[in-house]
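Okay, so the sequence shown: first residue is 8 according to our numbering, each after it adds one. Ideal placement from N, C-alpha and C gives every residue a C-beta, glycine not left out. First comes the structure, then the notes that go with it.
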Amino acid sequence: MTTAGASAAEKQYEAKLRALEAREAALNSKSQQLSSQAQKLSSRESSLAAASAASASSSASAASAAPAPVAYSGDALLPPNAKPGECYARIWEPPKFRTVTEKILKKGEGERLEVIPAKYEWTTERVLVSEASERLTPIPATYGTESERIQTRDAETFWTFGTSGVASARGANAKRADSNRLNIARTSGVPENARVGQCFAEYYKPAKFGTTTEKMLKSESTQKVIVTPAKYGTQTERILVQEASEKLIQVPAKYKTETEKVLVKAPYTTWKVSECSGGACQPGVVANRVSGSRDRIDRATGEIMCLVEVPAQYKTVTKRVMVSPP
């Protein structure tokens with residue numbers, strides 16, 4: 008790998024490192040936000056629990072505020088300024104109630120922290136396997152054999168003499184050599200001391216050639232730069248499409264309406280001053296008071312005391328209860 012390739016790889020690594028640090032900082036910030044929301048939810052639940060306890064306490068105090076049975080003994084049943092011959096009726100007016108339907112909060116709405124997982128998908132991409140590079144390769148000199156025709160002997164002209172041509176030179180058709188021809192012959196090598204009867208002929212001997220084979224340089228040694236292209240391959244990797252996150256969803260509480268009969272005051276017995284019908288008010292005998300009879304009917308006996316049983320008192324309460332918590 009070249010220096011440029013190493014530098015590019017280092018830059019990619021540093022970029023990935025910075026991305027990881029940024030992602031870690033974002034996750035820490037998200038964790039702090041979730042902790043703050045959890046504290047808020049805990050505080051809200053504590054407030055709702057305190058409100059529920061206060062509501063239950065107020066209901067208990069209201070129930071305890073009902074009048075309890077009064078126990079009389081001795082002269083406590085007699086009027087302090089009673090006169091002989093008068094009858095007194097001790098009348099107790101029970102409290103009046105009415106049915107009220109009200110909506111009460113049993114458990115307030117809450118919040119649910121829903122975790123949305125990260126999304127991934129598979130993708131195929133072309134990645135660099137090896138970067139392009141250059142290599143200097145020496146190329147040796149090349150030699151070859153070549154055949155060449157060379158001259159081994161130069162061409163030449165020479166004169167020879169003999170006597171075979173004397174008869175023709177003496178014949179009727181023989182021509183006299185002019186001075187120009189004689190000068191050329193002398194220049195070409197005819198000897199000056201030629202004797203009578205000698206004939207000279209000029210011959211041409213061509214050059215002689217032969218074939219030789221030798222090793223010769225066809226191309227000198229050089230250096231060639233070979234460029235190796237970058238290599239790429241295909242790899243499949245799982246990449247992050249969407250990071251994991253958390254979503255705060257408001258979940259309303261579900262309620263239903265219930266009606267129930269609540270005991271307001273337990274049954275009890277009490278003494279009442281009243282007139283009775285037919286003398287039924289005898290010790291140990293339970294009798295009912297005669298409504299509206301307040302005149303004295305027996306001047307000899309005076310007041311008549313009756314022990315009366317007061318029934319239990321109830322009220323109907325309609326309330327809204329939670330079916331499913333948030």
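Considering only DSSP beta bridges, list what residue 235 is partnered with. 140, per the DSSP bridge assignment.
Handout entry: Sheet register partners of residue 122 (DSSP bridge)
Key = Paired residues: 253.
What is the rounded straight-line gap between the Cα of residue 35 and the Cα of residue 29?
-> Roughly 10 Å between the two C-alpha positions.
For residue 124 and residue 33, believed in contact at Cβ under 8 Å, the rounded distance:
The distance from the Cβ of residue 33 to that of residue 124 is about 16 Å, inconsistent with a contact at the 8 Å cut-off.
*How close, in whole Å, do the beta carbons of residue 149 and residue 233 come, if the pair is a contact with beta carbons under 8 Å?*
Taking the Cβ atoms as the reference, residue 149 lies roughly 18 Å from residue 233, outside the contact range of under 8 Å.
Checklist entry - Which stretch, first to last residue, makes up the alpha helix (DSSP H) that contains residue 186? => result Run containing residue 186: 186–195, per the alpha helix (DSSP H) assignment.
Worksheet item: So which of 25, 24, 43 and 17 has the shortest CA-CA distance to residue 255?
Response: Among 25, 24, 43 and 17, the Cα nearest to that of residue 255 belongs to 43.
**Prompt:** Where does residue 272 land, buried or exposed, given buried means 16+ other C-beta within 10 angstroms?
**Reply:** By the neighbour-count rule (16 or more Cβ atoms within 10 Å), residue 272 is buried.
What distance in whole Å lies between the Cβ atoms of residue 122 and residue 239, which are believed to be in contact at a cut-off of 8 Å?
About 39 Å separates the CB atoms of residue 239 and residue 122; that is not less than 8 Å, and the two are not in contact.
Report yes or no: do three or more beta-carbon pairs, one from the region 213–222 and one from the region 125–133, lie closer than 8 Å? The region 213–222 makes no contact with the region 125–133, as fewer than three CB pairs between them are under 8 Å.
Next on the checklist: Between 38, 319 and 48, which has its C-alpha nearest residue 257's C-alpha?
Outcome noted: Nearest of 38, 319 and 48 to residue 257, Cα basis: 48.
>> Taking a contact to mean a Cβ-Cβ separation below 8 Å, would you say residue 216 touches residue 152 in this structure?
In response: No Cβ-Cβ contact shorter than 8 Å links residue 216 with residue 152.
- request: Please name the residue or residues paired with residue 134 in a DSSP beta bridge.
  value: For residue 134, DSSP records a beta bridge to 240.
**Q.** Local conformation of residue 27 per DSSP, three classes
**A.** In this structure, residue 27 counts as helix in the three-state DSSP scheme.
Handout entry: Extent of the continuous beta strand (DSSP E) to which residue 265 belongs
Key = Taken as a continuous stretch (DSSP letters only), the beta strand (DSSP E) holding residue 265 covers 261–272.
Query - Cut-off 6 Å between Cβ atoms - residues of its own chain near residue 130, not counting five sequence neighbours on either side - result: The residues are 246.
- Query: In terms of residues, what are the limits of the beta strand (DSSP E) holding residue 224?
  - Reply: Here the beta strand (DSSP E) through residue 224 covers 215–226.
Q.
Quick check: what's the CA-CA separation for residue 70 versus residue 263?
A. Confidence at residue 70 is low in this model, with a pLDDT of 44, below 50, so its placement is unreliable and the value that follows should be read with caution. Spanning the alpha carbons of residue 70 and residue 263 requires a straight line of approximately 24 Å.
| Boundaries (first-last residue) of the beta strand (DSSP E) holding residue 108 | The continuous stretches of beta strand (DSSP E) do not include residue 108, and DSSP gives it neither H nor E.
In the structure shown, what three-state DSSP assignment does residue 51 receive?
In this structure, residue 51 counts as helix in the three-state DSSP scheme.
If I measure Cβ to Cβ from residue 154 and keep anything under 8 Å in the same chain, skipping five residues before and after, which residues do I get? Contacts found: 218, 219 and 220.
request  = Select from 40, 26 and 318 the residue whose C-alpha is nearest the C-alpha of residue 270.
outcome  = Relative to residue 270, the option among 40, 26 and 318 whose CA is nearest is 318.
_Suppose you measure from the CA of residue 196 to the CA of residue 146; what does that come to, to the nearest Å?_
Using only the alpha carbons, I get a separation of about 60 Å.
Cutting at 6 Å between CB atoms, please list the residues of its own chain near residue 320, excluding the five before and the five after it. Hits under 6 Å: 271 and 272.
(request) Using only alpha-carbon positions, find the residue among 22, 102, 249 and 51 that is nearest to residue 322. (result) Looking only at 22, 102, 249 and 51, the smallest Cα-Cα distance to residue 322 is reached by 102.
Please state whether DSSP places residue 41 in a helix, a strand or coil.
-> In the displayed model, residue 41 falls within a helix according to three-state DSSP.
In its own chain, which residues sit with a C-beta less than 6 Å from the C-beta of residue 88, not counting the 5 before and 5 after it? So no residue of the chain qualifies.
Worksheet item: In whole angstroms, what separates the C-alpha of residue 46 from that of residue 268?
Response: Going from the Cα of residue 46 to the Cα of residue 268 covers about 39 Å.
Would you mind working out which of 112, 40, 105 and 328 sits nearest residue 54, comparing C-alpha positions? Out of 112, 40, 105 and 328, 112 has the C-alpha closest to the C-alpha of residue 54.
Problem - Sequence-distant residues of the same chain with beta carbon closer than 8 Å to residue 242, five excluded per side - result: The beta carbon of residue 242 sits closer than 8 Å to those of 131, 132 and 134, all from its chain and outside the five residues before and after it, given in chain order.
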